[in-house]
Amino acid sequence: MIRLRDIRKIYRTRHGDNLVLDGINVEIAKGQHLGVLGRNGAGKSTMVRLMSGAERPTSGKIERMMSVSWPLAFGGAFQPMLTGKDNIRFISRIYNQDIERNLAFVEEFAELGPYLREPVRTYSSGMRARLAFAISMIIEFDCFLIDEIGAVGDARFHDRCNYELFGKRADRAMVIISHDAAYIRDHCNRFAVLHDAKLRLYEDFEDAYADFKELIGWKPPPGWPNVEVATA
Amino acid sequence: MTDFAENRRDFAQSWRIQLRVLGALLIREMLTRYGRHNIGFLWLFAEPMIFTLGVTALWTATKSVHGSDLPIVAFALTGYSSVLLWRNMPGRCIGALWSNLALMYHRNIKVLDIYSARVLLEFGGATISFFTLSLVFLMLGWLTPPEDILQIAGGWLLLAWFGGALAIFLGALSHQSELVEKLWHPASYLIFPLSGSAFMVDALPKFAQEIVLYIPMVHGVEIVREGWFGERARAHYDLGYILPLCLVLSLAALLQARHVARNVVPE
Numbered sequence: 526m527i528r529l530r531d532i533r534k535i536y537r538t539r540h541g542d543n544l545v546l547d548g549i550n551v552e553i554a555k556g557q558h559l560g561v562l563g564r565n566g567a568g569k570s571t572m573v574r575l576m577s578g579a580e581r582p583t584s585g586k587i588e589r590m591m592s593v594s595w596p597l598a599f600g601g602a603f604q605p606m607l608t609g610k611d612n613i614r615f616i617s618r619i620y621n622q623d624i625e626r627n628l629a630f631v632e633e634f635a636e637l638g639p640y641l642r643e644p645v646r647t648y649s650s651g652m653r654a655r656l657a658f659a660i661s662m663i664i665e666f667d668c669f670l671i672d673e674i675g676a677v678g679d680a681r682f683h684d685r686c687n688y689e690l691f692g693k694r695a696d697r698a699m700v701i702i703s704h705d706a707a708y709i710r711d712h713c714n715r716f717a718v719l720h721d722a723k724l725r726l727y728e729d730f731e732d733a734y735a736d737f738k739e740l741i742g743w744k745p746p747p748g749w750p751n752v753e754v755a756t757a
Numbered sequence: 011m012t013d014f015a016e017n018r019r020d021f022a023q024s025w026r027i028q029l030r031v032l033g034a035l036l037i038r039e040m041l042t043r044y045g046r047h048n049i050g051f052l053w054l055f056a057e058p059m060i061f062t063l064g065v066t067a068l069w070t071a072t073k074s075v076h077g078s079d080l081p082i083v084a085f086a087l088t089g090y091s092s093v094l095l096w097r098n099m100p101g102r103c104i105g106a107l108w109s110n111l112a113l114m115y116h117r118n119i120k121v122l123d124i125y126s127a128r129v130l131l132e133f134g135g136a137t138i139s140f141f142t143l144s145l146v147f148l149m150l151g152w153l154t155p156p157e158d159i160l161q162i163a164g165g166w167l168l169l170a171w172f173g174g175a176l177a178i179f180l181g182a183l184s185h186q187s188e189l190v191e192k193l194w195h196p197a198s199y200l201i202f203p204l205s206g207s208a209f210m211v212d213a214l215p216k217f218a219q220e221i222v223l224y225i226p227m228v229h230g231v232e233i234v235r236e237g238w239f240g241e242r243a244r245a246h247y248d249l250g251y252i253l254p255l256c257l258v259l260s261l262a263a264l265l266q267a268r269h270v271a272r273n274v275v276p277e
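Heads up: the protein sequence lines correspond to chains E and R, in order.
Here this note's numbering is used: the first residue of the first sequence is 526, the next is one more, and so on.
Here this note's numbering is used: the first residue of the second sequence is 11, the next is one more, and so on.
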């Protein structure tokens, strides 16, 4: 269980205080998959960082009664000057894991071949995403925080990621952020919309999505949903 | 009683995590800085050794006036090694958090760990360099054996303490203000000639001695030299000044690091 109580987060910026989260209350239990919708800059990633403990709230309390991952599929936890292998070793040391076992898993899963022995700065963004995802799968957490994982790799890799996460680890808690509403619909069983620093919770995806569309001012194009795709 | 036992177990566990994180950061830092090419992490102390050797050679060649009858090689070795200690630690810690922000995603890694790892690495490099060069010079007969090794160690640790506290304080402050980085470079250059590395306090006129003894590094260098040369060094230092100063600086460093840790926003 992760419990957020009266979370407020204020960023001090050059043009005054920016209230990003205001009075967020939510509980996530084992097996629950919470999908969060919100427009760019709504504070979704901030909320996930607070949940992971990477950042602290301005006020309020976060209780973690299970092990929580870092924001997943995030590539930046790497040292670009180091090789993929050295990065795996580093993460393994930090989380007290078997280095050799992890190297073998990532080698098999990420399919980076000889690139695993090259500095991460030479990787393409897709390769980084593969490495990042594989690394985050080597540590078993009770709760996975997933920030825009929809962007990871090609279709084949995408399927394998989904299997690892939603097949093998369906019993874990998850918090999923994505701009891909279908992704959230397919993989979550609770839903939320983050707007104007407030979090609204829903049991049903369609309710959440309808509210979300209204909040961001999305208007269906004429003829929706039977729109013809423009062909060149 | 059970509370006490539980607290002790918690503490032992936290301590193990702490050591593990520091160890991982040290290895990562060494690999990032020195890589696996040519002599790799041996650069950790090869670099300061080249510096010290160069300065020793220069000072010997120019027969630098240092205001005492101490042998110039020993004088340069003790002096310049000390500079490495208090100058490189802040140099490495300033801006360290900006380049390591991504690490903040891992809950077990704290802001202070990033600074601590860099301070430890600099301390290791400077110490190995000082130790190795001393040994080589001794074997070559360029140096007389030190009078009191424990005192040298004490002075050295005092300098390291001061350098480490200064490094963490300035490092954490630099996360808030770019001015720190801009000002530290000129400041470290200007302090160098005043830091006691290139002169003995005893050689200065009385009024200058009083002023110079406000500079913290001077005390450490004087202690190291008294350890090496004994009575001949005629060292001037005041533990009643330098110890409280280091304590206050350490406290300021920890407070500043905590302040930064509370407000840090990962990449």
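Idealized CB from N, CA, C, for every residue including glycine.
Using a Cβ-Cβ distance cut-off of 9 Å, determine whether residue i contacts chain R.
i	result
Phe666(E)	no
Gly578(E)	yes
Leu656(E)	no
Asp611(E)	yes
Gln557(E)	no
Tyr648(E)	no
Asn714(E)	no
Pick helix, strand or coil for residue i, following the three-state DSSP scheme.
i	result
Asn550(E)	strand
Lys216(R)	helix
Asn17(R)	helix
Ile178(R)	helix
His229(R)	helix
Arg589(E)	strand
Asp711(E)	helix
Val700(E)	strand
Pro203(R)	helix
Gly240(R)	helix
Val561(E)	strand
His185(R)	coil
His730(E)	As written in the sequence, residue 730(E) is Phe, which differs from the His given in the question. Here Phe730(E) sits in helix by DSSP.
Ile532(E)	strand
His269(R)	helix
Arg694(E)	coil
Phe666(E)	coil
Ser260(R)	helix
Asp467(E)	In the structure as shown, chain E begins at 526 and stops at 757. Residue 467(E) is therefore absent and cannot be evaluated.
Val274(R)	coil
His794(E)	No answer is possible for residue 794(E): the residues shown for chain E start at 526 and end at 757.
Ser139(R)	helix
Arg725(E)	strand
Ser584(E)	strand
Ile252(R)	helix
Phe737(E)	helix
With 9 Å set as the bound, which would you pick, yes or no: does the beta-carbon of residue i sit closer than that to a beta-carbon of chain E?
i	result
Asn48(R)	no
Gly105(R)	no
Asp13(R)	no
Leu54(R)	no
Val270(R)	no
His195(R)	no
Phe34(R)	In the sequence as displayed, the identity of residue 34(R) is Ala instead of Phe. Yes, because at least one Cβ of chain E sits closer than 9 Å to the Cβ of Ala34(R).
Arg128(R)	no
Pro276(R)	yes
His116(R)	yes
Ala182(R)	no
Ile124(R)	no
Thr72(R)	no
Gly45(R)	yes
Ala22(R)	no
Val121(R)	no
Asn98(R)	no
Leu264(R)	no
Arg30(R)	yes
According to DSSP, what are the bridge partners of residue i?
i	result
Arg574(E)	Bridge partners of Arg574(E): none, in fact.
Pro777(E)	Chain E is shown from 526 up to 757; residue 777(E) falls before or after that span and cannot be answered.
Ile671(E)	Leu597(E), Ile701(E)
Can you have a look at residue i and say buried or exposed, based on whether 16 or more other CB atoms are within 10 angstroms of its CB?
i	result
Asn565(E)	exposed
Ala757(E)	With a pLDDT of 45 at Ala757(E), under the threshold of 50, the modelled position of this residue cannot be trusted; read the value that follows with caution. The residue is exposed, with fewer than 16 neighbouring Cβ atoms inside 10 Å.
Gly206(R)	buried
Phe140(R)	buried
Lys534(E)	buried
Trp166(R)	buried
Lys723(E)	exposed
Lys829(E)	Chain E is shown from 526 up to 757; residue 829(E) falls before or after that span and cannot be answered.
Gln604(E)	buried
In chain B, which residues lie with their C-beta within 9 Å of the C-beta of residue i?
i	result
Gln604(E)	Of the protein chains in this structure, namely E and R, none is chain B.
Sequence ranges, alpha helix (DSSP H) only - wholly within the segment 62–128 of chain R, length at least 4: 82–103, all fully within the segment 62–128 of chain R.
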